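Numbering (this note's numbering), first residue to last: 1289 to 1765. All remarks here apply to the structure that follows.
Here it is, written out as structure tokens:
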């Protein structure tokens, strides 16, 4: 019995040992298989990672001011159309990142973005008045090395008169201008006729403008005779479209020609503010609730002018872009209803007429990670095949001399007239302090249309500008 039991115990032990050995062999086999699979996966991951690294695309992020149209805006459509035909699009992606803001807020928002590696775009729409300040702040990339190899920049294709506007204090170029503009008096010829005024209107002085407003007020009382940007909310439009169009018409400028100092008290400033004071005190202008609105420019151009609610508008040549079939406010009859008169000087002296000219440029922020491909994209943006349709949609004057050869462009109503106004154009000072002084201008203008006397508004302006630029850099005349 003991022998049988011993044999049984031996058999059990052998069975257990055999099972353990099989389990170990199986485990070793599985481990080897797992190691092999792990090595395969590692190799696959390494190759895949290498492939991704080799095929990773650059992303061109573009920022500009969106005035509420989003993907329907002329700039957005231009960027997308250009990218769709870009011969390097397989190696990059386009990220359209507009800044939704009123004109007064755009520049402060874009300045904040340009300061940070995390938020700076690769391409930015730069108003040329802001360029000097942005260059001195170190926000923009000099483009001279790129432009040296850009044949069309050097062969006269771009207007030479626009190049100083994109040149920094160090004489380096920081942008490729994509448009320019002029300003004048848009007026409704049909309402002029109804009021007993000539359909072909060419005022010779500010008094002629006030006379037309008075006549309209008396004969067509249910309309607004005159509109001009007049608030802080409309930003540079208030400074340039309104105040500077008046000031330069007095024969003065923002700075003294001899010393370069900022003029803070003068008869020209007082007369300019008095004209605005007369407009609003005579009830020739729109309600303040409309004027102080950040969308005032759009209300005027896209609503009140097409609807016949405002008769005369001191505004830019570009507003007709709104009236195209693809624009924000299609108006098929705009070319027959509107006239575009030159803005007269105060008393008809000098050339007799005045306009301010500005424009926008494509610039590459200094913190961009994709400068080379972005410059290639700028050059493609400016090729006639995509540029002409864009500049028409913008309602702008082209920065290329060859656009007039395009029938679609040259046939645009008012385009030749707007271009002719460049002959009497003034440009804003190329001074890094201009943007800050411009903010003071906007406050001064808004205070006058809100009831402050021109003399008091000018006095406050003088104090604020002196504080902004320094007492040694201002002058009274």
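Ideal Cβ positions, reconstructed from N, Cα and C, are used throughout, including at glycine. Fair warning: this is a prediction, and the values are worked out from it, not measured in the lab.
Cβ shell of residue i (< 6 Å), same chain only, five flanking positions each side left out
i            : result
residue 1432 : 1460 and 1461
residue 1661 : 1346 and 1380
residue 1565 : 1736 and 1742
residue 1523 : 1391 and 1392
residue 1692 : 1698
residue 1663 : 1434
residue 1752 : 1728
residue 1405 : 1655
Same chain, Cβ closer than 7 Å to residue i, five either side skipped, listed in chain order
i            : result
residue 1745 : 1561, 1732, 1735 and 1736
residue 1450 : 1465, 1468, 1647 and 1687
residue 1441 : 1435
residue 1398 : 1351, 1387 and 1412
residue 1641 : 1630, 1631, 1632, 1633 and 1712
Length of the line joining the Cα atoms of residue i and residue j
i            : j            : result
residue 1338 : residue 1436 : Residue placement at residue 1338 cannot be trusted, given a pLDDT of 38 that sits under 50; what the coordinates show is reported in the next sentence. One C-alpha to the other measures close to 35 Å.
residue 1519 : residue 1680 : 29 Å
residue 1576 : residue 1517 : 11 Å
residue 1628 : residue 1344 : 51 Å
residue 1727 : residue 1526 : 9 Å
residue 1418 : residue 1556 : 25 Å
residue 1659 : residue 1408 : 12 Å
residue 1411 : residue 1488 : 43 Å
residue 1750 : residue 1528 : 19 Å
residue 1513 : residue 1595 : 13 Å
residue 1682 : residue 1700 : 12 Å
residue 1400 : residue 1613 : 36 Å
residue 1546 : residue 1763 : 11 Å
residue 1597 : residue 1689 : 37 Å
residue 1740 : residue 1581 : 19 Å
residue 1348 : residue 1402 : 15 Å
residue 1759 : residue 1414 : 30 Å
Exposed unless 16 or more other CB atoms sit within 10 angstroms - verdict on residue i
i            : result
residue 1422 : buried
residue 1586 : buried
residue 1590 : buried
residue 1491 : buried
residue 1375 : exposed
residue 1361 : buried
residue 1383 : exposed
residue 1371 : buried
residue 1605 : buried
residue 1331 : Residue confidence is low: residue 1331 scores 45 on pLDDT, short of 50, so the model does not pin down where it sits. Its coordinate-derived value is still stated next. Exposed, by the Cβ-count rule.
residue 1584 : buried
residue 1396 : exposed
residue 1378 : exposed
residue 1317 : Confidence is the limiting factor: at residue 1317 the pLDDT is only 44, short of 50, which leaves the residue's position unreliable, though a coordinate-based value still follows. So residue 1317 ends up on the exposed side.
Option in the options with minimal Cα separation from residue i
i            : options                   : result
residue 1708 : 1639, 1544 and 1470       : 1470
residue 1714 : 1390, 1351 and 1531       : 1531
residue 1563 : 1534, 1607, 1740 and 1525 : 1534
residue 1464 : 1712, 1703, 1674 and 1666 : 1666
residue 1430 : 1751, 1653 and 1567       : 1653
residue 1386 : 1402, 1406 and 1363       : 1363
residue 1578 : 1353, 1404, 1373 and 1738 : 1738
residue 1765 : 1573, 1712, 1553 and 1615 : 1553
residue 1643 : 1710, 1613 and 1656       : 1710
residue 1274 : 1558, 1582 and 1601       : Since the first residue of the chain shown is 1289 and the last is 1765, residue 1274 is not available in this structure.
residue 1506 : 1547, 1622, 1474 and 1571 : 1571
residue 1729 : 1494, 1617, 1515 and 1754 : 1754
residue 1603 : 1582, 1630, 1620 and 1521 : 1630
residue 1493 : 1619, 1559, 1428 and 1438 : 1559
residue 1757 : 1747, 1748, 1740 and 1722 : 1722
residue 1458 : 1504, 1424, 1608 and 1495 : 1424
residue 1624 : 1404, 1611 and 1616       : 1611
residue 1626 : 1702, 1615, 1355 and 1617 : 1702
Unbroken alpha helix (DSSP H) run spanning residue i, endpoints
i            : result
residue 1747 : 1742–1757
residue 1419 : 1416–1424
residue 1398 : 1391–1402
residue 1514 : Here residue 1514 belongs to no alpha helix (DSSP H); instead the beta strand (DSSP E) covers 1512–1515.
Residues near residue i by beta carbon distance below 8 Å, same chain, minus five either side
i            : result
residue 1543 : 1549, 1550, 1551, 1717 and 1719
residue 1367 : 1350, 1382, 1384 and 1669
residue 1373 : 1668, 1673 and 1674
residue 1539 : 1556, 1633, 1634, 1637 and 1638
residue 1508 : 1479, 1482, 1483 and 1599
residue 1369 : 1674, 1677 and 1678
residue 1358 : 1364 and 1386
CB contact check: residue i to chain C, cutoff 8 Å
i            : result
residue 1719 : Of the protein chains in the structure, only one exists, and it is not chain C.
Delimiting residues of the beta strand (DSSP E) encompassing residue i
i            : result
residue 1629 : 1626–1629
residue 1450 : Counting along the chain, residue 1450 falls outside any beta strand (DSSP E), and DSSP gives it neither H nor E.
residue 1468 : 1464–1469
residue 1646 : 1646–1651
residue 1734 : Element bounds for residue 1734: not the beta strand (DSSP E) but the alpha helix (DSSP H), 1722–1737.
The ligand NAP heavy atom lying under 7 Å from the CB of residue i
i            : result
residue 1605 : Absence of the ligand NAP from the depicted structure is noted, as is the absence of any ligand whatsoever, leaving it without description.
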